[in-house]
Amino acid sequence: MSTNKLNVEGVMLFEQPFARVPYENYRKVFRASQRNIEKEFAPVQTAAHDLAKRSKTGHSSTDDAIKSIDGMITRVENLKRKLSDLHTSSGTPTLGVMRERLQHLATVEDMQSTSSPEFARWADIRLDRWLVDWSLRNNKVKTAKTIAAERGVERLVDIELFSDIRRIEEALKRQTCTEALAWCSENKAALRKNTLEFDLRLQEYIELARAQKHVEAIAYSKKHLLPWQETHLPQIRQASALLCFPPTTACGPYKRLYDLARWTTLVQSFRLAIYNLSTLPSEPLLHLAMYAGLASLKLPACYDTHRKNIDCPVCDSNLGRLAEEVPFSHHVNSTIVCRISGKIMDEDNMPLVFPNGQVYSKEALEDMAARNDGTVRCPRTGEKCNFSDLRKVFIS
Ligand SMILES: [Zn+2]
2 MSTNKLNVEG
12 VMLFEQPFAR
22 VPYENYRKVF
32 RASQRNIEKE
42 FAPVQTAAHD
52 LAKRSKTGHS
62 STDDAIKSID
72 GMITRVENLK
82 RKLSDLHTSS
92 GTPTLGVMRE
102 RLQHLATVED
112 MQSTSSPEFA
122 RWADIRLDRW
132 LVDWSLRNNK
142 VKTAKTIAAE
152 RGVERLVDIE
162 LFSDIRRIEE
172 ALKRQTCTEA
182 LAWCSENKAA
192 LRKNTLEFDL
202 RLQEYIELAR
212 AQKHVEAIAY
222 SKKHLLPWQE
232 THLPQIRQAS
242 ALLCFPPTTA
252 CGPYKRLYDL
262 ARWTTLVQSF
272 RLAIYNLSTL
282 PSEPLLHLAM
292 YAGLASLKLP
302 ACYDTHRKNI
312 DCPVCDSNLG
322 RLAEEVPFSH
332 HVNSTIVCRI
342 SGKIMDEDNM
352 PLVFPNGQVY
362 SKEALEDMAA
372 RNDGTVRCPR
382 TGEKCNFSDL
392 RKVFIS
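If you use the working numbering, the sequence shown corresponds to residues 2 to 397, in order.
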């Protein structure tokens with residue numbers, strides 16, 4: 002059964018964020034360790050340097066030397082404790098999540114067929130994960146947590162990431178950039194080409210201008226906007242001129258800077274940046290998977306009220322809405338589905354045509370004829386005729 006062969010590459014196409022999110026989390030743990038090491042090592046190095054210098058010039062007593070070495074030991078021991086705490090509280094759990102997720106993906110590689118029970122179980126877990134992803138993106142946190150707990154997939158879903166997203170977005174909605182800026186600085190390296198940080202800084206500057214705090218605004222601009230002059234000089238110039246305009250100004254470009262709708266744009270830019278960082282698509286994974294399926298089924302007939310097929314998901318008005326933007330399916334060899342039985346018509350189940358031009362499958366019509374003394378009735382028009390009056394249709 003070659004049609005049931007599992008397309009592992011196709012399955013993996015959806016799974017990049019699944020592996021990427023814990024990886025990004027681990028990178029954060031790693032960076033926090035690095036920062037701690039840098040912070041504690043610099044004073045140790047300075048102290049060691051001083052001690053060496055003083056002992057060379059004979060300015061140091063044994064007591065002083067011991068005191069200085071004790072100080073260094075305390076620092077290094079503190080560092081060791083901090084690193085070990087960090088590893089226990091964040092490092093090990095994150096590694097555990099990463100391992101579990103990679104194992105989950107690895108099991109699919111050994112499966113041969115989509116009809117195997119192992120794949121069905123795997124796909125069930127995937128659907129649970131996608132339902133959680135959908136709920137989190139639609140602010141249904143309780144639902145997400147319930148599904149995750151009941152199905153035992155907590156380590157396979159990103160509840161924490163989305164609670165971070167929500168926390169930072171809520172802050173932006175309250176018109177404060179502090180949380181978002183902290184997130185930017187945590188992810189500075191990864192955000193190199195992103196202008197989110199500049200946009201946040203510009204907004205803080207605009208708020209100072211709005212409050213008519215001109216001295217603070219100028220100081221803020223020097224400190225936080227000027228470093229971006231290589232790439233954002235026109236915006237910085239415009240921002241400087243903003244101080245000449247009151248928040249009530251009717252002058253286009255400055256009115257736009259004062260526009261409070263900029264906060265909504267910031268929320269969107271932030272969400273895009275954090276999704277990009279984790280390679281999460283901007284739409285729920287569930288939708289993406291469904292688009293792929295719907296595109297393979299979608300036909301012009303699906304949107305024609307008289308030609309809808311009860312067995313076709315695209316014909317369903319709710320799913321059809323999701324399918325609106327996907328392309329129509331392109332069948333090199335078109336398949337014709339019987340409207341009575343929902344079965345595919347081919348050489349083994351020939352299509353037969355009524356005198357009125359309606360086509361149904363031979364199997365379904367034979368079945369109907371057997372129950373009605375050789376008479377068949379077109380379910381669409383109600384027209385009746387003898388089974389022998391039906392003509393064969395040849396598909397080319
Ligand atoms: Zn349809």
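The beta carbon of each residue, even a glycine, is placed where N, CA and C say it ideally should be.
Chain-order list of residues whose beta-carbon lies under 7 Å from that of residue i (same chain, five-residue window excluded)
| i | result |
| --- | --- |
| residue 3 | Residue confidence for residue 3 is low, a pLDDT of 48 falling below 50, so the modelled location carries little weight; the figure read from the coordinates is stated next. Closer than 7 Å at the Cβ level, and outside the excluded window around residue 3, lies no residue. |
| residue 195 | 274 |
| residue 146 | 160 |
| residue 390 | 356 |
Euclidean distance between Cα positions of residue i and residue j
| i | j | result |
| --- | --- | --- |
| residue 394 | residue 367 | 15 Å |
| residue 183 | residue 280 | 20 Å |
| residue 288 | residue 220 | 47 Å |
| residue 10 | residue 17 | 11 Å |
| residue 377 | residue 370 | 5 Å |
| residue 398 | residue 33 | There is no way to answer for residue 398, as the model of the chain reaches only from 2 to 397. |
| residue 84 | residue 51 | 26 Å |
| residue 214 | residue 296 | 55 Å |
| residue 65 | residue 74 | 14 Å |
| residue 93 | residue 22 | 15 Å |
| residue 153 | residue 109 | 19 Å |
| residue 143 | residue 222 | 42 Å |
| residue 135 | residue 166 | 14 Å |
| residue 137 | residue 290 | 17 Å |
| residue 233 | residue 36 | 30 Å |
| residue 86 | residue 30 | 11 Å |
| residue 112 | residue 260 | 55 Å |
| residue 176 | residue 25 | 27 Å |
| residue 155 | residue 43 | 40 Å |
| residue 15 | residue 193 | 26 Å |
| residue 104 | residue 266 | 39 Å |
| residue 57 | residue 88 | 40 Å |
| residue 240 | residue 191 | 27 Å |
| residue 186 | residue 90 | 22 Å |
Beta carbon of residue i nearer than 8 Å to that of residue j
| i | j | result |
| --- | --- | --- |
| residue 173 | residue 264 | yes |
| residue 330 | residue 299 | yes |
| residue 158 | residue 130 | yes |
| residue 27 | residue 95 | yes |
| residue 19 | residue 102 | yes |
| residue 82 | residue 41 | no |
| residue 278 | residue 188 | yes |
| residue 115 | residue 7 | yes |
| residue 197 | residue 283 | no |
| residue 80 | residue 38 | yes |
| residue 353 | residue 344 | no |
| residue 325 | residue 357 | no |
| residue 171 | residue 272 | no |
| residue 341 | residue 380 | yes |
| residue 218 | residue 258 | no |
| residue 48 | residue 72 | yes |
| residue 382 | residue 359 | yes |
For residue j and residue i, believed in contact at Cβ under 8 Å, the rounded distance
| i | j | result |
| --- | --- | --- |
| residue 292 | residue 268 | Incorrect: roughly 25 Å between the Cβ atoms, too far for contact. |
| residue 386 | residue 355 | 6 Å |
| residue 235 | residue 211 | Actually they are not in contact, since the Cβ atoms of residue 235 and residue 211 sit about 21 Å apart, beyond 8 Å. |
Contacting residues, own chain, Cβ-Cβ under 8 Å from residue i (five flanking each side not counted)
| i | result |
| --- | --- |
| residue 251 | none |
| residue 276 | 282 and 283 |
| residue 312 | 338 and 343 |
| residue 12 | 109 |
| residue 237 | 222, 226, 227, 229 and 230 |
| residue 168 | 180 |
| residue 242 | 255 |
Sequence-distant residues of the same chain with beta carbon closer than 6 Å to residue i, five excluded per side
| i | result |
| --- | --- |
| residue 201 | 178, 181 and 182 |
| residue 304 | none |
| residue 351 | 363 and 393 |
| residue 346 | 337, 339, 352 and 362 |
| residue 365 | 339, 341 and 342 |
| residue 132 | 148 |
| residue 121 | none |
| residue 285 | 134, 135 and 138 |
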